[in-house]
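Just so it is clear: in the sequence shown, position 138 is 138 by the UniProt record's numbering, and no numbers are missing.
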Amino acid sequence: MNEREKVILVGCQLPHIDDERFFYSMEELASLVHTANGEVIMTVTQKREAIHPATYIGKGKVEELAHLVEQLETDVVIFNDELSPSQNRNLSRQLSVRIIDRTQLILDIFAQRARSKEGKLQVELAQLQYLLPRLSGQGTELSRLGGGIGTRGPGETKLETDRRHIYRRINEIKTQLKMVAEHRERYRERRKKNRVFQISLVGYTNAGKSTLFNRLTDADSFEENLLFATLDPLTRKITLPSGYTALLTDTVGFIQDLPTTLVAAFRSTLEEVKEADLILHIVDSSNPDYYNHEQTVYELLDELGVSAIPIVTIYNKRDIAHRNFVPSTKTDAIIISAFDAHDLHRLRQFIEETMMKQMVHYHVSIPSNEGRLLAQLKAETILRELHYNEESGMYECKGYIMPKHPLYGQLQQYQ
Ligand SMILES: Nc1nc2c(ncn2[C@@H]2O[C@H](COP(=O)(O)OP(=O)(O)OP(=O)(O)O)[C@@H](O)[C@H]2O)c(=O)[nH]1
Ligand SMILES: [Mg+2]
């Protein structure tokens, strides 16, 4: 059962895509297949002026492909672009094998990886909405062809392929998602009231977000050399060099040509990012295509409407950085390796300094009987200096505070 499915990849290279970009996109498709537990046994590509409207690749290529499918005992053929419903139908007729496209492959991976209830519901909804116009008249090509990549729903479930059932299921999911969203909103408001500094890790898939998240928070999260290892945002405490604690959130990785259905579905998974006071953008400096990865992330952040939130760049994997790697100067940046303890220390300092730029400096004298206020300053502000003045019987405190913080007003009387 655990045997890897045999996969043939098919890609079209259009005139505006140069060889290098095309190569990377096919490589990425292969990594996605690996993540989905498939094995690429052959790659078929074609240079074309435009995608063939009926069959994606040309007639001759389809015949060649049909032949290969037979000869190589292929389980599934995966296309590098989104197939239209009619392309999907035509190709299904000519190839006697399950066929899926890049979008379905990504959805399939998301389905295997989603862990929270909300994540699972969102993936299933996106899968069903994608499938609906692609079911042929009588319906059930997917179920006829059995399980495997592209037919799996979240968890152990198999995707519904009966049109009437799909409609019903879509409505059920929408109702449940509404309830989950309300719950999440209540939780978020509570958190906001507490005025905790919130930091979000974002970045291209496989950049090292979860690795850093684990190293920075001493938490056990899912870290693997697979694409989309993390689907649901995780939030944990991070303690900075001054002792100040903030909240750090790990998020789902971004990817190029993320299908629009998915952007919508995952927007709420990324809602956490909207609440952030600071965004840490993690970039894999060892990936030859890192520059385009960065641009992809910027574009998606724009779509999410978070361009007002301060952002800094963390170039990760310094230990294996690509020979052509040059950090961009678009934001403040630091170059590190998540595996290097000294780098992690530098990173904590860098994060704290960045946070301080958003805060205001305070210098107050607190009476010694105000123990509670002192404890709050320690926990909720960046307290840089603290000493007891024998003469005045006061604690001299210097530090940085968020101007929005409720303590900020209270401090005025102790200046
Ligand atoms: N050499 C090297 N490898 C690293 C470094 N940081 C992370 N990795 C590896 O990169 C791979 C991906 O790391 P993850 O932390 O899972 O990446 P991610 O960004 O969370 O990925 P998604 O959740 O899929 O978006 C793992 O194999 C890590 O061990 C680093 O500094 N150097
Ligand atoms: Mg991750």
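We put the CB at the ideal spot given by N, CA and C, even for glycine.
I need the straight-line Cα distance from residue i to residue j, nearest angstrom please.
{"i": "D19", "j": "Q349", "result": "41 Å"}
{"i": "T245", "j": "Y291", "result": "32 Å"}
{"i": "R168", "j": "E272", "result": "30 Å"}
{"i": "F197", "j": "Q415", "result": "24 Å"}
{"i": "S200", "j": "A114", "result": "19 Å"}
{"i": "Y362", "j": "Q410", "result": "12 Å"}
{"i": "T354", "j": "F254", "result": "24 Å"}
{"i": "E27", "j": "I401", "result": "47 Å"}
{"i": "T45", "j": "G11", "result": "5 Å"}
{"i": "D302", "j": "L68", "result": "43 Å"}
{"i": "L386", "j": "Y408", "result": "17 Å"}
{"i": "F23", "j": "I17", "result": "10 Å"}
{"i": "T140", "j": "T175", "result": "With a pLDDT of 42 at T140, under the threshold of 50, the predicted position of this residue should be treated as unreliable, and no value is reported."}
{"i": "E182", "j": "F213", "result": "27 Å"}
{"i": "I279", "j": "N206", "result": "17 Å"}
{"i": "P367", "j": "L383", "result": "16 Å"}
{"i": "K209", "j": "L377", "result": "30 Å"}
{"i": "R48", "j": "A30", "result": "21 Å"}
{"i": "A308", "j": "H405", "result": "19 Å"}
{"i": "G150", "j": "E73", "result": "18 Å"}
{"i": "L121", "j": "V180", "result": "10 Å"}
{"i": "R21", "j": "H293", "result": "12 Å"}
{"i": "Q110", "j": "D340", "result": "Per the sequence shown, residue 110 should be read as Phe rather than Gln. Roughly 30 Å between the two C-alpha positions."}
{"i": "Q358", "j": "L247", "result": "16 Å"}
{"i": "Q413", "j": "I334", "result": "39 Å"}
{"i": "R184", "j": "V97", "result": "42 Å"}
{"i": "R323", "j": "L373", "result": "52 Å"}
{"i": "S25", "j": "P288", "result": "12 Å"}
{"i": "L128", "j": "I314", "result": "37 Å"}
{"i": "E391", "j": "N369", "result": "15 Å"}
{"i": "L262", "j": "T296", "result": "15 Å"}
{"i": "A375", "j": "Y388", "result": "14 Å"}
With respect to the alpha helix (DSSP H) encompassing residue i, which residues constitute its N-terminal and C-terminal limits?
{"i": "A246", "result": "Where A246 is concerned, there is no enclosing alpha helix (DSSP H), although the beta strand (DSSP E) it sits in stretches over T245 to D250."}
{"i": "H363", "result": "Segment V360 to P367 is the beta strand (DSSP E) holding H363; no alpha helix (DSSP H) there."}
{"i": "Q13", "result": "From DSSP, Q13 is part of no alpha helix (DSSP H) but of the beta strand (DSSP E) over E5 to Q13."}
{"i": "A333", "result": "Here A333 belongs to no alpha helix (DSSP H); instead the beta strand (DSSP E) covers A333 to I335."}
{"i": "I109", "result": "R102 to R113"}
{"i": "D343", "result": "A341 to K357"}
Please report the Cβ distance between residue i and residue j, rounded to the nearest whole angstrom; I am assuming they are in contact, meaning their Cβ atoms lie under 8 Å.
{"i": "N90", "j": "A54", "result": "5 Å"}
{"i": "E380", "j": "R195", "result": "7 Å"}
{"i": "R102", "j": "D81", "result": "6 Å"}
{"i": "residue 416", "j": "I8", "result": "In the structure displayed, the chain extends from 1 to 415; residue 416 sits before or after that span and is not available."}
{"i": "P403", "j": "V360", "result": "5 Å"}
{"i": "H52", "j": "G60", "result": "Incorrect: roughly 11 Å between the Cβ atoms, too far for contact."}
{"i": "Y130", "j": "L159", "result": "With a Cβ gap of about 10 Å, Y130 and L159 do not count as contacting."}
{"i": "L270", "j": "L304", "result": "6 Å"}
{"i": "L234", "j": "T249", "result": "7 Å"}
Please state the DSSP three-state secondary structure of residue i.
{"i": "G399", "result": "strand"}
{"i": "T239", "result": "strand"}
{"i": "H322", "result": "coil"}
{"i": "residue 446", "result": "With the chain covering only 1 through 415, there is no way to say anything about residue 446."}
{"i": "E172", "result": "helix"}
{"i": "V273", "result": "helix"}
{"i": "T88", "result": "Residue identity differs from the one stated: residue 88 is Asn in this sequence, not Thr. DSSP places N88 in helix when its eight states are reduced to three."}
{"i": "G60", "result": "helix"}
{"i": "H16", "result": "coil"}
{"i": "V77", "result": "strand"}
{"i": "K209", "result": "helix"}
{"i": "I99", "result": "strand"}
{"i": "G203", "result": "strand"}
{"i": "K378", "result": "helix"}
{"i": "L234", "result": "strand"}
{"i": "K330", "result": "coil"}
What residue range is occupied by the uninterrupted beta strand (DSSP E) comprising residue i?
{"i": "I279", "result": "L278 to D284"}
{"i": "E39", "result": "G38 to K47"}
{"i": "N287", "result": "Premise fails: N287 is in no beta strand (DSSP E) and is neither H nor E."}
{"i": "E124", "result": "Element bounds for E124: not the beta strand (DSSP E) but the alpha helix (DSSP H), K117 to L131."}
{"i": "E385", "result": "I382 to N389"}
{"i": "Y408", "result": "Looking at the DSSP string, Y408 is not in any beta strand (DSSP E); the run it does join, the alpha helix (DSSP H), is P406 to L411."}
{"i": "T313", "result": "I311 to N316"}
Would a check of beta-carbon distances place residue i closer than 7 Å to chain D?
{"i": "R98", "result": "The chain inventory of the structure shown lacks chain D, comprising one protein chain alone."}
Given 6 Å as the limit, tell me if residue i has its C-beta closer than that to any heavy atom belonging to ligand 3.
{"i": "S365", "result": "This structure does not include ligand 3; its bound ligands are ligand 1 and ligand 2."}
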